[in-house]
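The structure appears right after this line, and notes come after that.
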Amino acid sequence: MSKYEIGIVDTRNVLQAIKETHGLDFKNHALTFFKRRLSYIVDKYNLKNAEALIDKLIHEPDFYELFLKEISIETTELFRDPSLWRHLMEKFLPGLLKNQTSFKIWFPEIASGEELYSLAILLNELGFLDKVQFVVGSISQLRLDDLKKGRFDLKKMEVNQANFKRIFSEAELEDYYRREGDQGYINRELLQNIELARQNTLYDQPPRSVKMIMWRNQMLYFNHILQERLLKSFCHCMMPGGHLIVGMNEKIDYWNSDKDYTLVGDNENIYKKRYS
Amino acid sequence: MHKAVIIGGSAGSFRVITRILNALPKHYPVPVLLNLHRLKHVRSGFVEALSIKSGIPVVEPYDKDSVKPGIAYLAPSNYHMYIELNKKIALSTEEAVNHSRPSIDLSFETAAHTYNKSLLGIILSGANKDGAWGLKKIKDAGGTVIVQDPKECEVATMTETALKMTEADYIYSTQQIIDYLLKIK
Chain A
47 MSKYEIGIVD TRNVLQAIKE THGLDFKNHA LTFFKRRLSY IVDKYNLKNA
97 EALIDKLIHE PDFYELFLKE ISIETTELFR DPSLWRHLME KFLPGLLKNQ
147 TSFKIWFPEI ASGEELYSLA ILLNELGFLD KVQFVVGSIS QLRLDDLKKG
197 RFDLKKMEVN QANFKRIFSE AELEDYYRRE GDQGYINREL LQNIELARQN
247 TLYDQPPRSV KMIMWRNQML YFNHILQERL LKSFCHCMMP GGHLIVGMNE
297 KIDYWNSDKD YTLVGDNENI YKKRYS
Chain B
43 MHKAVIIGGS AGSFRVITRI LNALPKHYPV PVLLNLHRLK HVRSGFVEAL
93 SIKSGIPVVE PYDKDSVKPG IAYLAPSNYH MYIELNKKIA LSTEEAVNHS
143 RPSIDLSFET AAHTYNKSLL GIILSGANKD GAWGLKKIKD AGGTVIVQDP
193 KECEVATMTE TALKMTEADY IYSTQQIIDY LLKIK
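Chains A and B, in that order, give the protein sequences.
Converting from the first sequence to this note's numbering requires adding 46 to each position, the first position being numbered 1.
Converting from the second sequence to this note's numbering requires adding 42 to each position, the first position being numbered 1.
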């Protein structure tokens with residue numbers, strides 16, 4: 047719904063400028079998404095046109111960081127899709143973690159902290175938090191900075207609360223964060239065992255010995271080429287039998303993907319790396 | 043001449059959309075795209091409720107699914123649904139627009155861009171203004187637009203706003219909308 051509409055040629059020029067100046071390659075992001083997002087950014091920052099955007103991206107490092115934040119789309123709320131979290135809480139995670147001594151979980155692109163905070167709260171409720179090591183990445187340093195502070199937006203508290211109540215009958219969400227102005231800060235104890243890592247658009251420095259990857263609603267913004275490339279690389283960095291969780295309306299679907307991943311459970315989009 | 047139908051609705055549209063889907067024959071010749079506001083935490087029950095009486099299959103699409111004739115695609119809860127130029131569906135979790143996600147405006151706008159004059163856009167009963175801007179986009183692209191008669195709507199805000207912004211081709215009752223849809227070959 048942007049007032050200014052960026053064209054295909056403009057989009058290619060922006061891609062080129064970012065690649066040349068900053069070495070980051072967005073060519074395999076979904077083109078229409080990227081184009082739409084550029085229009086949104088031009089609007090939001092009151093830029094005249096694509097040339098003005100390119101100029102700022104080249105010459106203003108601070109703006110470039112803001113740009114990276116805008117282009118990595120938030121996952122939006124605590125415990126988004128409560129049915130999935132309830133499944134993780136009641137069935138999936140207890141079985142998976144019971145006999146483990148250490149368990150590494152990777153969030154390749156965090157975009158917003160809510161996914162991580164949700165999982166940390168859930169693991170804490172289950173009593174497994176001490177076993178878990180989080181590795182968290184993003185293409186955006188600003189997003190990682192927010193995460194380090196445990197920050198999140200309080201505007202969505204009503205939804206956050208409703209989601210929380212659908213999963214936990216005893217616990218109180220209020221016990222897990224404090225308020226400062228219009229921002230919330232998640233309790234520090236939840237984020238003790240966490241390693242932050244800046245990523246590029248290929249996410250090509252995955253951690254080792256990963257047992258679970260949370261990657262919900264990120265494939266949406268990539269084309270098939272990048273999806274396949276990333277899914278294969280994720281499969282490679284996971285321990286055999288490791289799990290990948292994707293968004294409710296995403297699926298793993300590339301040639302021979304069933305040799306890498308198999309769906310577990312009914313429809314909750316939890317995939318398991320095949321032994322082989 | 044219509045190659046796709048897109049329908050937006052909010053409060054008071056459930057019964058209308060159920061009647062419409064019920065009237066459509068199996069093997070309906072065009073795809074039907076649905077963007078209906080609903081409660082965020084109602085994730086799966088809705089598509090089943092719509093399916094029960096529908097003449098055509100109702101699905102919540104996966105990201106990048108192709109749009110095919112004879113199928114109704116319901117925008118999944120908590121995602122925007124775009125109709126891309128290659129006639130595939132793109133989902134996104136970008137910011138709500140006018141407090142709405144899915145945003146009817148965004149679905150309408152992208153479908154208008156993809157189908158131009160061969161798109162039929164319909165707006166039904168609803169309590170907010172989402173969809174009015176998108177309906178204008180359909181009209182501007184040469185498509186045909188139908189507005190449910192505000193007199194018949196349970197909540198008329200959506201249709202009245204749409205009529206203020208766009209000159210509708212038809213202002214129809216539910217039955218007239220059905221009759222029109224059944225003429226599409």
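By construction, the Cβ of each residue, glycine as well, lies at the ideal position given by its N, Cα and C atoms.
Note that this is a predicted model, so its numbers are computed, not measured.
I need the boundaries of the beta strand (DSSP E) containing residue i, first residue and last residue.
i	result
isoleucine 125 (chain B)	122-125
lysine 257 (chain A)	256-261
threonine 186 (chain B)	186-190
arginine 224 (chain A)	223-226
leucine 309 (chain A)	307-310
glycine 230 (chain A)	229-232
arginine 244 (chain A)	240-244
Which first and last residues belong to the alpha helix (DSSP H) in which residue i is found?
i	result
arginine 132 (chain A)	128-133
serine 164 (chain A)	160-172
isoleucine 54 (chain A)	54-68
phenylalanine 153 (chain A)	No alpha helix (DSSP H) contains phenylalanine 153 (chain A), which is instead part of the beta strand (DSSP E) from 149-153.
phenylalanine 80 (chain A)	77-90
asparagine 209 (chain A)	203-211
histidine 282 (chain A)	270-283
aspartate 222 (chain B)	Strictly speaking, residue 222 (chain B) in this sequence is tyrosine, with aspartate absent from that position. 216-225 is the span of the alpha helix (DSSP H), which, as asked, contains tyrosine 222 (chain B).
leucine 187 (chain A)	Checking the sequence shown, residue 187 (chain A) turns out to be glutamine, not leucine. It spans 187-195 - the alpha helix (DSSP H) in which glutamine 187 (chain A) sits, taken as one unbroken run.
lysine 106 (chain B)	Taken as a continuous stretch (DSSP letters only), lysine 106 (chain B) belongs to no alpha helix (DSSP H), as it is neither H nor E.
leucine 116 (chain B)	Element bounds for leucine 116 (chain B): not the alpha helix (DSSP H) but the beta strand (DSSP E), 114-116.
By the three-class DSSP mapping on this structure, what secondary structure does residue i have?
i	result
histidine 44 (chain B)	coil
lysine 115 (chain A)	helix
lysine 159 (chain B)	helix
isoleucine 131 (chain B)	strand
proline 71 (chain B)	coil
leucine 93 (chain A)	coil
isoleucine 291 (chain A)	strand
asparagine 77 (chain B)	strand
lysine 179 (chain B)	helix
valine 197 (chain B)	coil
lysine 177 (chain A)	helix
proline 111 (chain B)	coil
leucine 297 (chain A)	Sequence inspection shows lysine at residue 297 (chain A); the leucine mentioned does not correspond to that position. Of the three classes helix, strand and coil, the one that applies to lysine 297 (chain A) here is coil, per DSSP.
isoleucine 213 (chain B)	strand
Take the Cβ of residue i as the centre, count every other Cβ of all protein chains shown within 10 Å, and call the residue buried at 16 or more, exposed below.
i	result
glutamine 264 (chain A)	buried
glutamate 235 (chain A)	exposed
tryptophan 131 (chain A)	buried
threonine 186 (chain B)	buried
tyrosine 321 (chain A)	exposed
threonine 78 (chain A)	buried
asparagine 209 (chain A)	buried
valine 58 (chain B)	buried
lysine 95 (chain B)	exposed
asparagine 246 (chain A)	exposed
Taking only the alpha-carbon atoms, compute the straight-line gap between residue i and residue j and give it to the nearest angstrom.
i	j	result
leucine 237 (chain A)	arginine 83 (chain A)	31 Å
tyrosine 163 (chain A)	proline 128 (chain A)	14 Å
glycine 67 (chain A)	alanine 174 (chain B)	Reading off the sequence shown, one finds threonine at residue 67 (chain A), where the question assumed glycine. Their backbone Cα atoms lie some 41 Å apart in a straight line.
glycine 142 (chain A)	glutamate 202 (chain B)	In the sequence as displayed, the identity of residue 142 (chain A) is leucine instead of glycine. Going by the C-alpha atoms only, they are around 54 Å apart.
histidine 141 (chain B)	histidine 79 (chain B)	11 Å
arginine 126 (chain A)	glutamate 204 (chain A)	12 Å
proline 67 (chain B)	glycine 163 (chain B)	19 Å
valine 189 (chain B)	serine 52 (chain B)	13 Å
alanine 114 (chain B)	threonine 199 (chain B)	25 Å
glycine 69 (chain A)	tyrosine 212 (chain B)	53 Å
glycine 227 (chain A)	phenylalanine 214 (chain A)	26 Å
methionine 260 (chain A)	leucine 103 (chain A)	30 Å
threonine 156 (chain B)	serine 186 (chain A)	32 Å
arginine 224 (chain A)	isoleucine 232 (chain A)	7 Å
methionine 135 (chain A)	asparagine 170 (chain A)	11 Å
aspartate 250 (chain A)	serine 279 (chain A)	8 Å
leucine 80 (chain A)	valine 109 (chain B)	In the sequence as presented, leucine is not what sits at residue 80 (chain A); that position holds phenylalanine. So the two alpha carbons sit approximately 21 Å from each other.
proline 103 (chain B)	lysine 225 (chain B)	26 Å
valine 55 (chain A)	threonine 152 (chain B)	19 Å
methionine 123 (chain B)	glutamate 137 (chain B)	12 Å
cysteine 283 (chain A)	leucine 242 (chain A)	17 Å
* Asked: For the 8 Å Cβ check, are there 3 or more pairs between the stretch 295-311 of chain A and the stretch 142-162 of chain B?
  -> No, they do not touch.
* Asked: Pairing CB atoms from the stretch 197-213 of chain B with CB atoms from the stretch 176-186 of chain B, are three or more of them under 8 Å?
  -> Cβ pair count under 8 Å is three or more, so yes.
* To do: Report yes or no: do the stretch 44-62 of chain B and the stretch 292-301 of chain A share at least 3 C-beta pairs separated by less than 8 Å?
  => With the cut-off at 8 Å, the stretch 44-62 of chain B and the stretch 292-301 of chain A do not touch.
* To do: Evaluate contact between the stretch 143-151 of chain A and the stretch 95-114 of chain A, counting only Cβ atoms and requiring at least three cross-stretch pairs below 8 Å.
  => Counting C-beta pairs closer than 8 Å gives fewer than three between the stretch 143-151 of chain A and the stretch 95-114 of chain A, which falls short of the contact rule.
* Asked: Using 8 Å as the threshold, is the stretch 173-187 of chain A in touch with the stretch 243-263 of chain A, meaning 3 or more CB pairs across them?
  -> Touching, yes, given that three or more Cβ pairs across the two stretches are closer than 8 Å.
* Asked: Does the stretch 271-282 of chain A come close enough to the stretch 91-99 of chain A that 3 or more CB-CB pairs lie under 8 Å?
  -> The answer is no - the stretch 271-282 of chain A does not touch the stretch 91-99 of chain A, with fewer than three Cβ pairs under 8 Å.
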